[in-house]
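Everything in the sequence shown is counted per full-length UniProt numbering, starting at 1 for the first residue and increasing by one. Glycine included, C-beta positions come from ideal geometry on N, C-alpha and C. Predicted model only: the values in this text are computed from it and were never measured. The block underneath contains the structure these notes are about, expressed in C-alpha cells.
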Amino acid sequence: MATTAPQTTATLPTEWRDFFTLTKPRVMTLVIFTAICGVLAAPGSIHPVLGFTAILAIAMGAGGSAVLNMWWEADIDAGMKRTMNRPLPGGRMRREDARDFGIFLSAVSVGLMGVAIGWLAAALLFGAIIYYAVIYTMWLKPRTPQNIVIGGGAGAFPPLIGWVAVTGDITAMPILLFAIIFFWTPPHFWALALFVQSDYAKVGIPMLPVVAGEKVTRRQIMIYTLLLAPIAIAPWYIGGTSWIYGSVAVVLSVLFVVLAMPVFTRMRAEVDAMTPEKTLFKYSIVYLFVLFAALVADRVAAYQGWIA
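This is the structure:
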C-alpha cells in the first residue's frame with residue numbers, strides 16, 4: 001500500500017468530536033444493535049449491569065478497531081471525496097494520537113470483557129479487533145478484490161460475542177447470526193462500491209468494481225444475495241426460533257432478492273440519481289435491523305408464553 005509521510009502535527013485544533021468521529025459512529029450503531037440483539041436473543045439471562053458492560057466492551061472494541069482503521073488509512077482517506085474531511089486527512093489530529101487512542105480503546109475493551117464477563121467472550125472480541133484492524137485493513141483491503149468478502153467476518157462478530165456473553169459457549173445459533181452478517185456484507189458493500197468506485201480507483205484500492213468491472217460485481221451481488229436468503233431463514237429451520245422470526249426472514253429475504261435483480265441486470269451506475277444500487281444499499285441496512293429485531297421479538301414472545 002502506498003503511504004505518505006506520517007502527519008505528526010495537527011494543523012487545526014482537535015475537539016472531542018474528532019475522537020468520536022474516529023470510532024465511525026454510524027457503523028457503531030449497527031454493531032451495538034446486533035450485539036444487543038445477540039444478548040437479548042440468547043437463552044438464559046444475564047444481570048443488567050453485566051449485560052450493559054458486555055455491550056460497552058463490544059462498542060469500545062469496535063470503536064478502537066475503527067480508529068486504528070482510520071489511522072492506517074489516513075493517506076487513502078485524503079484522496080477520496082467522501083472521506084477527505086475526516087479528522088486525520090482534515091488536519092485536525094496527529095496520527096500518533098489516533099493510533100494511541102485506538103490501542104487504548106481496544107485494550108480496555110478486551111480487559112473489561114474478560115474480567116467482567118468471561119475470557120471466551122474476550123477472546124472473540126480480541127479476534128474481532130485483530131480481524132478488522134490488521135487482517136482486513138492492513139492486509140486484505142489493499143491487496144485483493146475479495147477484501148470485503150473475507151473482511152466481512154469482522155462485522156459479524158458482535159451478535160456472536162453478545163450471545164456468548166450470556167451463555168458462555170458457542171452453538172449453532174450464534175454461528176448462524178455470524179453467518180448472516182458475513183453473507184450480508186458483500187451485497188451491502190458492493191452496492192455502495194458501484195456508485196463510489198471512482199474514489200477507490202483514484203487511491204488504488206482494488207475493490208471488485210474497479211478490478212473486475214461492474215458486470216462481475218453485479219453478478220457477485222446477486223450470488224451473495226441468493227446465498228444469504230437460506231442462511232437468514234436457517235434459525236427458524238433448525239428450530240432456534242418460531243414462525244415469528246421465520247416469516248419476517250422469508251419476507252425480508254424475498255424482497256432483498258427482488259431489489260437485487262435490477263442491480264444484476266443494470267449496465268452501469270448513475271451517481272447522481274436514485275439508482276437500484278442506492279436503493280439496494282439503503283434497503284440492506286433496513287434488512288439487517290429488522291431481521292435482528294425480529295429475532296429479539298421472537299425471543300420475547302417465547303419468554304412471555306405467547307408462542308409454544
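Using the rule of at least 16 other Cβ atoms within 10 Å of the residue's Cβ for burial, across every protein chain shown, is F20 buried or exposed?
Counted from its first residue, the sequence shown places residue 20 at position 20. By the neighbour-count rule (16 or more Cβ atoms within 10 Å), F20 is not buried but exposed.
Go ahead and label K256 buried or exposed: buried means 16 or more other beta carbons lie within 10 angstroms of its beta carbon, across all protein chains shown.
For the purposes of this step, residue 256 is identified with residue 256 of the sequence shown, where counting begins at 1. Correcting the residue type first, residue 256 is Phe in the shown sequence and not Lys. The residue is buried, with at least 16 neighbouring Cβ atoms inside 10 Å.
How big is the Cα-Cα spacing for A193 and A121?
By one-based count along the sequence shown, residue 193 stands at place 193. By one-based count along the sequence shown, residue 121 stands at place 121. About 32 Å.
Going by other Cβ atoms of all chains shown within 10 Å of its Cβ, with 16 needed for buried, is W184 buried or exposed?
By one-based count along the sequence shown, residue 184 stands at place 184. The residue in question, W184, is buried, as its Cβ has 16 or more Cβ neighbours within 10 Å.
Relative to the C-alpha of I205, which residue among F195, T171, V248 and T144 is closest?
Locating residue 205 in the sequence shown gives position 205, counting from the first residue. When only C-alpha atoms are compared, the closest one is T144.
Tell me whether the beta-carbon of I238 lies closer than 9 Å to the beta-carbon of A172.
The sequence position of residue 238 within the sequence shown is 238, counting from 1. The sequence position of residue 172 within the sequence shown is 172, counting from 1. It is a contact, given that the beta carbons lie within the stated cut-off.
Using a 10 Å radius around the Cβ and a threshold of 16 neighbouring Cβ atoms, would you call P89 buried or exposed?
Against the sequence shown, residue 89 aligns to sequence position 89. Buried, since its Cβ has 16 or more Cβ neighbours within 10 Å.
Under DSSP, the alpha helix (DSSP H) around H188 begins and ends at which residues?
Your numbering for residue 188 matches position 188 in the sequence shown. Segment A172 to F195, the alpha helix (DSSP H) holding H188.
Write down the C-beta distance between W71 and G102 rounded to the nearest angstrom, noting that I regard them as a contact closer than 8 Å.
Working through the sequence shown from its first residue, we reach residue 71 at position 71. Working through the sequence shown from its first residue, we reach residue 102 at position 102. Yes, W71 and G102 are in contact; Cβ-Cβ is about 6 Å, under 8 Å.
Rank P174, N147, I150 and G155 by C-alpha distance to the C-alpha of F126 and give the top, closest one.
As a position in the sequence shown, residue 126 is number 126, starting the count at 1. Minimum Cα distance to F126 is reached at G155.
For the candidate residues L226, A260, W119 and V196, whose alpha-carbon lies nearest to that of residue 317?
For the chain, the structure presents residues 1 to 308; residue 317 sits outside this window and is missing.
Spatial neighbours of G153 within its chain, please: CB distance less than 7 Å, with the 5 preceding and 5 following residues excluded, ordered by chain position.
For this step, residue 153 is matched to residue 153 along the sequence shown. So the qualifying residues of the chain are Y131 and F182.
So what's E15 in DSSP terms, helix, strand or just coil?
On the sequence shown, position 15 is the one that residue 15 refers to. Here E15 sits in coil by DSSP.
Which of helix, strand or coil does DSSP assign to residue 319?
This structure cannot settle anything about residue 319, because the visible part of the chain is limited to 1 through 308.
Taking three-plus beta-carbon pairs below 8 Å as touching, is the stretch 224–240 in contact with the stretch 165–180?
yes
So G64 packs on L105, CB below 8 Å; how close in whole Å?
The count along the sequence shown starts at 1 and reaches residue 64 at position 64. The count along the sequence shown starts at 1 and reaches residue 105 at position 105. Their Cβ separation, rounded to whole angstroms, is 3 Å, which keeps G64 and L105 in contact under 8 Å.
Evaluate Y303 with the Cβ neighbour count: other Cβ atoms within 10 Å of its Cβ, from every protein chain shown; 16 or more gives buried, anything less gives exposed.
Residue numbering aside, residue 303 sits at position 303 when the sequence shown is read from its first letter. Label assigned to Y303: exposed.
Please classify V286 as buried or exposed, where buried requires at least 16 neighbouring CB atoms within 10 angstroms.
Counting from 1 along the sequence shown, the entry for residue 286 is found at position 286. That one is exposed.
Nearest CA to the CA of D97: which residue from T265, A74 and R219?
Reading the sequence shown from its first residue, position 97 is the one you call residue 97. Minimum Cα distance to D97 is reached at A74.
F281 and A191 look like a contact to me (Cβ under 8 Å); what is the Cβ gap, rounded to whole Å?
Reading the sequence shown from its first residue, position 281 is the one you call residue 281. Reading the sequence shown from its first residue, position 191 is the one you call residue 191. Yes, F281 and A191 are in contact; Cβ-Cβ is about 4 Å, under 8 Å.
To the nearest angstrom, report how far apart A107 and N85 are at their CA atoms.
The sequence position of residue 107 within the sequence shown is 107, counting from 1. The sequence position of residue 85 within the sequence shown is 85, counting from 1. Going by the C-alpha atoms only, they are around 28 Å apart.
Exposed or buried, what is S45 when buried is set at 16 or more other beta-carbons lying within 10 Å of its beta-carbon?
Looking up residue 45 in the sequence shown gives position 45. Exposed, since its Cβ has fewer than 16 Cβ neighbours within 10 Å.
I'd like to check one pair, P230 with G246: are the Cβ atoms closer than 9 Å?
In the sequence shown, the residue the question calls residue 246 occupies position 246. In the sequence shown, the residue the question calls residue 230 occupies position 230. No.
Determine the direct distance from the alpha carbon of A57 to that of M93, and round the result to whole angstroms.
For this step, residue 93 is matched to residue 93 along the sequence shown. For this step, residue 57 is matched to residue 57 along the sequence shown. Taking the straight line joining both Cα atoms gives about 25 Å.
Are the Cβ atoms of V300 and L40 separated by less than 9 Å?
One-based indexing of the sequence shown puts residue 300 at position 300. One-based indexing of the sequence shown puts residue 40 at position 40. Cβ atoms of V300 and L40: closer than 9 Å.
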